[in-house]
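Numbering (my numbering), first residue to last: 254 to 423.
Okay, structure coming up:
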(Lines of atoms letter the chains of each structure in order from A; the text may use other names.)
(Lines give C-alpha, C1' and ligand atoms only; values in the text may rest on other atoms or scores of the structure.)
Protein backbone atom coordinates (compact mmCIF):
# COMPACT_ATOMS: atom_id res chain seq x y z
CA UNK A 254 0.00 0.00 0.00
CA UNK A 255 2.89 2.42 0.73
CA UNK A 256 4.34 1.89 -2.76
CA UNK A 257 0.97 2.59 -4.32
CA UNK A 258 0.65 5.89 -2.40
CA UNK A 259 4.18 6.87 -3.49
CA UNK A 260 3.25 6.27 -7.17
CA UNK A 261 0.01 8.24 -6.79
CA UNK A 262 1.91 11.15 -5.20
CA UNK A 263 4.44 11.16 -8.10
CA UNK A 264 1.66 11.08 -10.71
CA UNK A 265 -0.03 14.00 -8.96
CA UNK A 266 3.22 16.00 -9.05
CA UNK A 267 3.68 15.30 -12.77
CA UNK A 268 0.08 16.31 -13.50
CA UNK A 269 0.51 19.55 -11.55
CA UNK A 270 3.68 20.40 -13.49
CA UNK A 271 2.01 19.61 -16.83
CA UNK A 272 -1.02 21.74 -15.94
CA UNK A 273 1.20 24.65 -14.90
CA UNK A 274 3.18 24.68 -18.16
CA UNK A 275 0.38 23.67 -20.55
CA UNK A 276 -0.87 27.24 -21.16
CA UNK A 277 2.62 28.32 -22.26
CA UNK A 278 2.81 25.47 -24.77
CA UNK A 279 -0.69 26.15 -26.08
CA UNK A 280 0.04 29.85 -26.71
CA UNK A 281 3.13 29.07 -28.73
CA UNK A 282 5.62 29.95 -25.98
CA UNK A 283 5.44 33.65 -26.84
CA UNK A 284 7.35 35.95 -24.48
CA UNK A 285 5.08 38.24 -22.51
CA UNK A 286 4.11 41.33 -24.48
CA UNK A 287 4.81 39.66 -27.83
CA UNK A 288 1.52 37.87 -28.29
CA UNK A 289 0.63 37.20 -31.91
CA UNK A 290 -1.91 39.59 -33.39
CA UNK A 291 -4.60 38.29 -35.74
CA UNK A 292 -3.46 38.59 -39.34
CA UNK A 293 -5.62 40.50 -41.83
CA UNK A 294 -7.23 38.53 -44.61
CA UNK A 295 -5.41 38.69 -47.93
CA UNK A 296 -7.21 38.27 -51.22
CA UNK A 297 -6.62 35.17 -53.37
CA UNK A 298 -3.99 36.90 -55.52
CA UNK A 299 -2.15 38.00 -52.39
CA UNK A 300 -1.85 41.51 -53.76
CA UNK A 301 -3.62 43.50 -51.06
CA UNK A 302 -5.37 43.30 -47.73
CA UNK A 303 -9.15 43.06 -47.90
CA UNK A 304 -11.28 44.84 -45.33
CA UNK A 305 -15.03 44.45 -45.00
CA UNK A 306 -16.46 47.96 -45.28
CA UNK A 307 -19.73 48.99 -43.72
CA UNK A 308 -22.48 49.73 -46.21
CA UNK A 309 -25.04 52.49 -45.73
CA UNK A 310 -28.50 51.73 -47.13
CA UNK A 311 -30.95 54.63 -47.31
CA UNK A 312 -34.44 53.53 -48.42
CA UNK A 313 -36.06 55.64 -51.15
CA UNK A 314 -38.90 56.64 -48.81
CA UNK A 315 -36.33 58.12 -46.40
CA UNK A 316 -34.52 59.98 -49.20
CA UNK A 317 -37.82 61.56 -50.24
CA UNK A 318 -38.87 62.46 -46.68
CA UNK A 319 -35.85 64.43 -45.42
CA UNK A 320 -34.08 67.36 -47.08
CA UNK A 321 -31.62 68.70 -44.48
CA UNK A 322 -30.23 68.35 -40.97
CA UNK A 323 -29.52 70.95 -38.32
CA UNK A 324 -26.10 70.75 -36.71
CA UNK A 325 -25.07 72.89 -33.74
CA UNK A 326 -21.49 74.11 -33.68
CA UNK A 327 -20.35 75.14 -30.22
CA UNK A 328 -17.48 77.64 -29.97
CA UNK A 329 -15.96 76.50 -26.67
CA UNK A 330 -13.77 79.60 -26.24
CA UNK A 331 -16.70 82.04 -26.45
CA UNK A 332 -19.33 79.60 -25.13
CA UNK A 333 -21.51 80.30 -28.14
CA UNK A 334 -23.68 77.87 -30.08
CA UNK A 335 -24.76 78.40 -33.68
CA UNK A 336 -27.12 76.03 -35.49
CA UNK A 337 -26.56 75.46 -39.21
CA UNK A 338 -29.10 73.91 -41.57
CA UNK A 339 -27.22 71.74 -44.06
CA UNK A 340 -28.95 70.04 -47.01
CA UNK A 341 -28.33 66.29 -47.18
CA UNK A 342 -25.66 65.68 -49.81
CA UNK A 343 -24.28 69.23 -49.44
CA UNK A 344 -21.95 71.19 -47.20
CA UNK A 345 -21.75 74.50 -45.38
CA UNK A 346 -18.66 76.62 -44.89
CA UNK A 347 -18.01 78.44 -41.62
CA UNK A 348 -15.28 80.95 -42.53
CA UNK A 349 -14.95 82.38 -39.01
CA UNK A 350 -13.61 79.00 -37.84
CA UNK A 351 -12.14 77.76 -41.16
CA UNK A 352 -14.56 74.82 -40.94
CA UNK A 353 -16.59 72.99 -43.56
CA UNK A 354 -19.30 70.49 -42.63
CA UNK A 355 -20.56 68.12 -45.32
CA UNK A 356 -23.60 65.92 -44.72
CA UNK A 357 -23.38 62.71 -46.72
CA UNK A 358 -26.53 60.96 -45.54
CA UNK A 359 -29.21 60.91 -42.87
CA UNK A 360 -30.98 57.98 -41.19
CA UNK A 361 -33.98 58.83 -38.95
CA UNK A 362 -33.95 55.54 -37.00
CA UNK A 363 -30.31 54.44 -37.31
CA UNK A 364 -29.62 50.73 -36.86
CA UNK A 365 -26.66 48.55 -37.72
CA UNK A 366 -27.20 44.99 -38.85
CA UNK A 367 -23.83 43.33 -39.33
CA UNK A 368 -21.92 45.53 -41.78
CA UNK A 369 -25.06 47.34 -42.98
CA UNK A 370 -26.15 50.68 -41.56
CA UNK A 371 -29.76 51.55 -42.34
CA UNK A 372 -32.95 52.80 -40.72
CA UNK A 373 -35.67 50.80 -39.02
CA UNK A 374 -38.34 53.38 -39.89
CA UNK A 375 -38.92 56.91 -41.12
CA UNK A 376 -39.64 58.13 -37.57
CA UNK A 377 -37.04 60.13 -35.60
CA UNK A 378 -36.25 57.29 -33.18
CA UNK A 379 -32.43 57.38 -33.38
CA UNK A 380 -31.46 60.17 -35.82
CA UNK A 381 -27.97 59.93 -37.24
CA UNK A 382 -26.14 61.95 -39.88
CA UNK A 383 -22.94 60.81 -41.59
CA UNK A 384 -20.72 63.88 -41.86
CA UNK A 385 -17.25 65.00 -42.84
CA UNK A 386 -15.81 67.98 -40.96
CA UNK A 387 -12.72 69.73 -42.28
CA UNK A 388 -10.67 72.46 -40.67
CA UNK A 389 -8.43 74.53 -42.93
CA UNK A 390 -8.85 71.87 -45.62
CA UNK A 391 -7.82 68.93 -43.37
CA UNK A 392 -10.36 66.26 -42.42
CA UNK A 393 -10.73 66.30 -38.65
CA UNK A 394 -13.77 64.03 -38.44
CA UNK A 395 -15.53 61.60 -40.73
CA UNK A 396 -18.32 59.62 -39.13
CA UNK A 397 -21.73 59.76 -37.51
CA UNK A 398 -23.34 62.42 -35.32
CA UNK A 399 -26.33 61.23 -33.30
CA UNK A 400 -29.05 63.47 -31.88
CA UNK A 401 -29.81 61.21 -28.92
CA UNK A 402 -26.14 60.58 -28.01
CA UNK A 403 -24.39 63.92 -28.57
CA UNK A 404 -21.48 63.22 -26.21
CA UNK A 405 -20.56 59.87 -27.81
CA UNK A 406 -19.21 61.43 -30.99
CA UNK A 407 -16.32 63.56 -32.14
CA UNK A 408 -14.50 65.68 -29.56
CA UNK A 409 -12.48 68.75 -30.58
CA UNK A 410 -10.57 71.06 -28.21
CA UNK A 411 -12.12 74.25 -29.68
CA UNK A 412 -15.52 73.17 -31.04
CA UNK A 413 -18.40 70.87 -30.26
CA UNK A 414 -20.70 69.37 -32.89
CA UNK A 415 -24.22 68.07 -32.25
CA UNK A 416 -26.94 66.81 -34.54
CA UNK A 417 -29.95 68.84 -33.41
CA UNK A 418 -32.70 67.54 -35.71
CA UNK A 419 -33.75 66.98 -39.31
CA UNK A 420 -35.75 69.06 -41.75
CA UNK A 421 -38.54 67.18 -43.49
CA UNK A 422 -39.12 67.57 -47.22
CA UNK A 423 -42.34 69.41 -47.93
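Here a beta-carbon is modelled for each residue, glycine too, at the ideal position from N, C-alpha and C.
Checklist entry - Using a Cβ-Cβ cut-off of 8 Å (strictly less than) and excluding sequence neighbours within five positions of residue 368, which residues of its own chain qualify? => result Apart from the 5 residues on each side of it in sequence, residue 368 sits with its Cβ closer than 8 Å to the Cβ of 305, 306, 307, 308 in its chain, given in chain order.
Checklist entry - Buried or exposed: which applies to residue 365, given that a residue is buried once 16 or more other Cβ atoms fall within 10 Å of its Cβ? => result By the 10 Å Cβ count, residue 365 comes out exposed.
Checklist entry - To the nearest angstrom, how far is it from the Cα of residue 389 to the Cα of residue 377? => result For residue 389 and residue 377, the distance between alpha carbons rounds to 33 Å.
Item to check | Distance between residue 379 and residue 401 (C-alpha atoms, nearest Å) | outcome: Roughly 6 Å separates the two Cα atoms.
Item to check | Limits of the alpha helix (DSSP H) - the one that residue 314 falls within | outcome: Where residue 314 is concerned, the enclosing alpha helix (DSSP H) stretches over 313-318.
Checklist entry - DSSP beta-bridge partners for residue 353? => result Residue 353 pairs with 346, 387.
Checklist entry - Distance, Cα to Cα, residue 341 vs residue 408? => result CA-to-CA, the gap between residue 341 and residue 408 works out to about 22 Å.
Checklist entry - Are there 16 or more other CB atoms within 10 angstroms of the CB of residue 336, so buried, or fewer, so exposed? => result Exposed, by the Cβ-count rule.
Checklist entry - Grouping DSSP H, G and I as helix and E and B as strand, with all else coil, what is residue 401? => result Reduced to three states, the DSSP call for residue 401 is coil.
Checklist entry - Roughly how many whole angstroms lie between the Cα atoms of residue 384 and residue 417? => result Residue 384 and residue 417 have their C-alpha atoms some 13 Å from each other.
Checklist entry - What is the residue span of the beta strand (DSSP E) that residue 365 lies within? => result Per DSSP, residue 365 belongs to the beta strand (DSSP E) from 363-366.
Next on the checklist: Can you give me the C-alpha to C-alpha distance between residue 411 and residue 352, rounded to a whole angstrom?
Outcome noted: Between residue 411 and residue 352, the alpha-carbon positions lie close to 12 Å from each other.
Item to check | C-alpha distance - residue 320 paired with residue 348, whole-angstrom precision | outcome: Those two C-alpha atoms are separated by around 24 Å.
Checklist entry - Quick one: Cα of residue 395 to Cα of residue 421, how far? => result Their backbone Cα atoms lie some 24 Å apart in a straight line.
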